Amino acid sequence: MAISAMSSEGSLSSRLSALVQRARAVKQETSIDPPLQISALLDDNEAIVERIEPRDLRELTAESAAKNILYPILSSARINDPSFVDVWNLLDIVQGCADRDLCSNQLVLLLAEEVLDSLSIADCHVAFNYLESRREAILSGGTGTTGSKEMVILRTCNELLRRLSRAEDPVFCGRVYVFLFQSFPLGHKGSVNLRGEFHVGNVTTFEDWIVSEQTDDQVMEDASNTEQVESVKGEVKAEETKPSEPESSVERKPTTKDLATLYPVFWSLQHSFSNPPQLFDEGKFKHFQDALEATLAKFKEVDKVIQSGESARKAGSPTTADDSYDEFANAFNPKYLTSRDLFKLELSDVAFQRHVLVQALILIDFLLTLTGTAKSKPHYENAQQSMKYNFTLSDENTEWALGIKNAIANYLQDGPDGKFYYRVVDTVLSRDKNWVRWKMDRCQSFTRQKVPAKIFLESKGGAIAAVTSKKDRKPAGVPPALRFVATAEPGKGLAQLRQRGKFTKPSPQDYTVRIETTDQEPPTEEDARELNEKITSSTWRGLRLASQDQLSLFDRFNHANGLKSLFQPGQTRIEDKGSDPQPEQSVEEPRADQQGIVA
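The sequence shown lines up with residues 460 to 1058 when you count with this note's numbering.
Have a look at this one:
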């Protein structure tokens, strides 16, 4: 029933306080779980709170009354105190009110936001468990729209992420992101970078100010050395009598830079990784080319160091339940350590090399979407203007990008578990191209509508009727497989039926011989069609028989050679791939159906 506005807030506060007191007796645990059962708090036909009219007054009164109960608890109890369970009970009670349309459906999220804002980071680790455990109830509860809930969730999680350090709290950051992803549908635009803006604020600082300046003596010494070199060149040129080979015929080996020279060049790559459009300038693109080539050459030169924890596990060392090793967190690097003292060690770390090279692959894929061929695709021409760029990659730079991408792919496959690692990277990048293309198409909805119940029942009935066994009919005439019995001489039909070839299962080799003995030059197109059908049928039957006890031979199968390739001695396809450094999926050309940009 409706109550007066003057006493509504006080009455509701008293009612919520009484319910919190009653919840202590109903729920004996002092932890977040299990959730409080609202039905256990109420007697038969008892309302949880009285309904206030109109709706705006009801929502404001409920929010004010709930905060009047929440703030004293937060100010007097710590999260580890048993009395802090009143906070979780209050939130469950408010959620019960939201389910009955007695308050705003976002009130429980607003109160949870207040709780997180009042706690330290260490206490937020515990308090966030409430949102994770009640996520489905919070998102589904209430009769209003979910738009207001989404705004509160975004604000709460973003504020929490601003307080967290990805270097010190990577796991908690991951929990917050997972909660966000689970709270929003897959195609929701709220988590999409619609304008394709780059995170230019992610700046990697390094000691680029340490540059060895030349003194006057060094300048004079360099000048004298230059004169000596010129004189030596003149003498050598005068003594030359035999024509030398053209320079193009001499294979030049790439030279690697020393650590002091490579240090600023290497870390300058991060500027391009965080802001790819700066490469539209020809000078910066040339610098990026030189830096990436020098980095890859140095990676190939240095001795590789695998982290001890990973190598020990691969060596077969026993693991226990108390083993705190985490193979995913072992190589985690939220922020690069750019000290010169660590530079040599970082270059030797395989995980560090992979971090950098995968960044390079992402950037190169972005550049390859700006070629003339890629920009002529229909999905790029119809994309939103904010996702288009006036820059077009030249043919020369395109050739370089394809070459360096192929070199990086081959290098990644040469490391420990390299082929598996590169396959994972290539799969992730390929799927990301699909997401980027979807974003360029203005995030069109791909959610399927629910099938109406009537159509579902009709389809179900049709499927049942299709598989229902029908009455067997008597065969008309003699089956083709038994015609030899009817045409055999009296007394010899049973003898022919007992021949071994009539009941012995053929082998795959038999089908191979059958294919080889087939006439390969039919006179007419009709005969050619029948021949192809026979060869296809024999190949399929042979493969089916071989799959029963000769499955290992399928690594040798080649469509060009057909069934006989199973029984030809030689290397398997896996062994051939192991000897070929080329990646499984060609990187010479970007996929036509997966062109996109990196956002």
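Glycine included, each C-beta is placed from N, C-alpha and C at the ideal position. Bear in mind that the values here come from a model prediction, so they are computed numbers and not experimental data.
Best match in the options for proximity to residue i [C-alpha to C-alpha]
| i | options | result |
| --- | --- | --- |
| E627 | E518, T976, M899 and H584 | H584 |
| L755 | A719, S1006, R813 and N1017 | R813 |
| I511 | P493, R481, R559 and L645 | R559 |
| W726 | G742, D749 and A581 | D749 |
| Q487 | A524, I612 and W547 | W547 |
| A581 | E468, D808, T489 and R537 | R537 |
| G874 | S904, S918 and V809 | V809 |
| L516 | N564, S472, L500 and S467 | S467 |
| L550 | T615, L570 and N617 | L570 |
| I491 | S472, L471 and N539 | N539 |
| I994 | N1020, Q1009, P982 and D1014 | N1020 |
| T663 | I532, L728, L613 and D876 | L728 |
| E760 | T715, R614, I597 and F811 | T715 |
| T489 | N504, A521, E505 and D545 | D545 |
| E798 | R973, F850, F665 and S889 | Looking at the sequence provided, one finds Ser at residue 798 rather than Glu. Of the candidates R973, F850, F665 and S889, the one whose C-alpha sits nearest the C-alpha of S798 is F665. |
| T977 | L1012, E985, N991 and K964 | N991 |
| G831 | F850, R614 and P531 | F850 |
| K554 | H730, A506 and L495 | The amino acid at residue 554 is misidentified as Lys; the sequence shows Gln. Out of H730, A506 and L495, L495 has the C-alpha closest to the C-alpha of Q554. |
Own chain residues within Cβ distance below 7 Å of residue i, not counting five before or after
| i | result |
| --- | --- |
| H658 | S733 |
| S542 | A536 |
| A524 | E468, L471, S472 and L475 |
| D565 | Looking at the sequence itself, residue 565 is Gln, so the reference to Asp does not match. Closer than 7 Å at Cβ, skipping near neighbours: S607, K608 and V611. |
| D762 | S807 |
| P493 | none |
Beta-carbon proximity list for residue i, same chain, < 8 Å, skipping 5 on both sides
| i | result |
| --- | --- |
| C902 | G646, K648, V651 and L653 |
| Y839 | T828, A833, K847, M899 and Q1054 |
| V764 | L804, S807, D808 and V809 |
| Y1059 | Because the chain is modelled from 460 through 1058, residue 1059 falls outside the range shown and cannot be assessed. |
| E591 | R634 and F638 |
| A860 | I823, L826, L827 and L852 |
| S577 | L533 |
| R481 | L500 |
| L796 | E805 |
| E518 | C562, S563 and L566 |
| P837 | none |
| S904 | G646 |
Supposed contact pair residue j and residue i - C-beta distance, whole angstroms, cut 8 Å
| i | j | result |
| --- | --- | --- |
| P735 | L822 | 6 Å |
| A1005 | P967 | 4 Å |
| I528 | S476 | 6 Å |
| V574 | A586 | 6 Å |
| E522 | S563 | 7 Å |
| F758 | Y870 | 7 Å |
| I863 | E752 | 7 Å |
| V817 | V884 | 6 Å |
Rounded separation between residue i and residue j - CA only
| i | j | result |
| --- | --- | --- |
| L561 | F739 | 58 Å |
| R896 | L718 | 40 Å |
| E975 | H1018 | 15 Å |
| V508 | K526 | 16 Å |
| A484 | I914 | 51 Å |
| T983 | Q1007 | 37 Å |
| F747 | S835 | 26 Å |
| F631 | N617 | 13 Å |
| A912 | R621 | 47 Å |
| R593 | Y636 | 16 Å |
| L820 | T886 | 12 Å |
| L598 | S642 | 7 Å |
| I497 | Q908 | 35 Å |
| K743 | E855 | 16 Å |
| L478 | P644 | 35 Å |
| N661 | V815 | 15 Å |
| L619 | V567 | 17 Å |
| R614 | L1010 | 56 Å |
| K892 | P531 | 51 Å |
| R973 | K964 | 15 Å |
| S731 | T520 | 53 Å |
Own chain residues within Cβ distance below 6 Å of residue i, not counting five before or after
| i | result |
| --- | --- |
| A842 | M899 |
| F811 | E805 |
| P981 | A987 and L990 |
| Q872 | K878 and Y881 |
| E917 | none |
message: I'd like to know if the stretch 829–849 and the stretch 653–667 are in contact, where contact means that at least 3 CB-CB pairs between them fall below 8 Å.
response: yes
- prompt: Would the stretch 623–642 and the stretch 870–890 be scored as touching if the rule is three or more Cβ pairs under 8 Å?
  reply: no
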